[in-house]
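A short worksheet on the structure shown next.
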Ligand code: GLN
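Numbering (my numbering), first residue to last: 698 to 974.
Structure below.
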């Protein structure tokens with residue numbers, strides 16, 4: 698294999714850190730991206746600072762560093778993101794799984810045991826919610842739904858080893874049969890158009906983040922049909938923005954549910970559970 702005489706591991710990492718100087722995680726990202734390109738772990742790099750890379754490896758690495766320097770999220774560069782108990786495949790077709798959403802998984806698993814259930818994840822994106830629930834509860838039938846084919850392609854990769862997770866294409870609840878679902882879960886788009894947070898999220902699909910009606914349009918669409926799709930003792934579980942719990946509680950109660958709110962791991966209101974009343 699041809700080696701590039703100018704590129705030792707230590708010199709490449711030094712160069713990359715300079716290119717990433719405006720990013721807080723420059724140090725870590727430089728090392729992890731080189732480890733990714735070389736197919737090794739980080740400790741391998743530390744043990745061999747004077748080893749040389751091939752010119753192909755150097756070029757691939759510097760291409761990834763350029764993308765990171767332009768603000769592209771780390772997860773999209775390595776096509777992977779940890780969530781709950783697994784590594785999920787991620788690409789631009791779906792939102793990157795967030796630690797906040799693990800709270801929703803905790804709440805659902807604490808509320809329901811092993812008895813068979815039909816669970817529907819609306820706006821599944823990468824499929825991280827549906828797959829995590831299906832793996833934790835093999836007796837459940839979990840349906841992962843999205844309107845977008847790009848998102849379903851990502852979810853398909855993530856769900857292929859999980860036989861009790863089935864993908865469906867649906868515009869929220871339009872393709873779902875009446876009285877067929879025990880639990881609806883959803884992390885829908887909930888950011889208001891023009892919200893300043895969106896500036897940091899420009900690489901992710903905006904349709905997975907932004908909702909009309911000041912961030913509430915997806916909840917409105919789901920709540921319109923939730924009562925008819927759920928079984929008589931059915932439950933819905935929503936992730937929401939940290940300032941949305943009061944208004945969403947009003948909406949969920951107006952749709953015929955009693956509502957209980959939960960905090961996320963940073964102590965912010967983040968999840969709402971509605972039970973048919
Ligand atoms: N929690 C995400 C964020 O603020 C947004 C997720 C969503 O809109 N569903 O980055």
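Every residue, glycine too, gets a C-beta built ideally from N, C-alpha and C.
Keep in mind the model is a prediction, meaning the values are calculated, not measured.
- Relative to the non-hydrogen atoms of ligand 1, the Cβ of residue 844 never comes closer than 7 Å to any of them.
- As summarised for the region 783–839, the continuous alpha helix (DSSP H) elements at least 4 residues long and confined to that stretch are 797–808 and 825–833, given in chain order.
- For residue 922, the enclosing alpha helix (DSSP H) covers residues 914–926.
- Contact annotation: residue 794 and residue 771 have beta-carbon atoms that are not nearer than 8 Å.
- Under a 10 Å Cβ-count criterion, residue 861 is classified as buried, with 16 or more other Cβ atoms of the shown protein chains found around its own Cβ.
- By the Cβ test, the region 842–858 is not in contact with the region 797–808, since fewer than three Cβ pairs between them sit closer than 8 Å.
- Taken through DSSP and simplified to helix, strand or coil, residue 859 comes out as coil.
- Contact between residue 851 and residue 823 holds, since their C-beta atoms are separated by about 5 Å, short of 8 Å.
- Annotation: the continuous beta strand (DSSP E) that includes residue 778 extends over 777–780.
- Between residue 939 and residue 904, the CB-CB gap reaches or exceeds 8 Å.
- A residue is called buried when at least 16 other Cβ atoms come within 10 angstroms of its Cβ; residue 910 does not meet this threshold and is exposed.
- Relative to ligand 1, residue 950 has its C-beta separated by 7 Å or more from all heavy atoms.
- In terms of Cα proximity to residue 874, the closest of 922, 902, 711 and 741 is 922.
- For residue 727, the secondary structure class from DSSP, reduced to helix, strand or coil, is helix.
- When C-alpha distances from residue 747 are compared across 841, 710 and 776, the shortest belongs to 710.
- In the structure shown, residue 942 falls within a helical segment according to DSSP collapsed to helix, strand and coil.
- Residue 812 counts as exposed, since fewer than 16 other beta carbons sit within 10 angstroms of its beta carbon.
- Check the Cα spacing between residue 965 and each of 937, 972 and 945: the tightest is with 937.
- A straight line joining the alpha-carbon of residue 894 with that of residue 972 spans about 31 Å.
- 970 is the residue among 948, 962, 970 and 943 whose C-alpha sits nearest the C-alpha of residue 956.
- Only buried fits residue 841, as 16 or more other CB atoms lie within 10 angstroms of its CB.
- For residue 959, the enclosing beta strand (DSSP E) begins and ends at 954–960.
- Between residue 829 and residue 783 a beta carbon distance of about 7 Å is seen, short of the 8 Å cut, so the two are scored as contacting.
- Cβ-Cβ distances below 7 Å link residue 952 to 920, 923 and 924 in the same chain, with the five nearest sequence neighbours on each side left out; the list follows chain order.
- Rounded to the nearest whole angstrom, the C-alpha separation of residue 907 and residue 724 is 32 Å.
- For the alpha helix (DSSP H) assignment, the uninterrupted runs of no fewer than 4 residues enclosed by the region 861–913 are, from N- to C-terminal side, 909–912.
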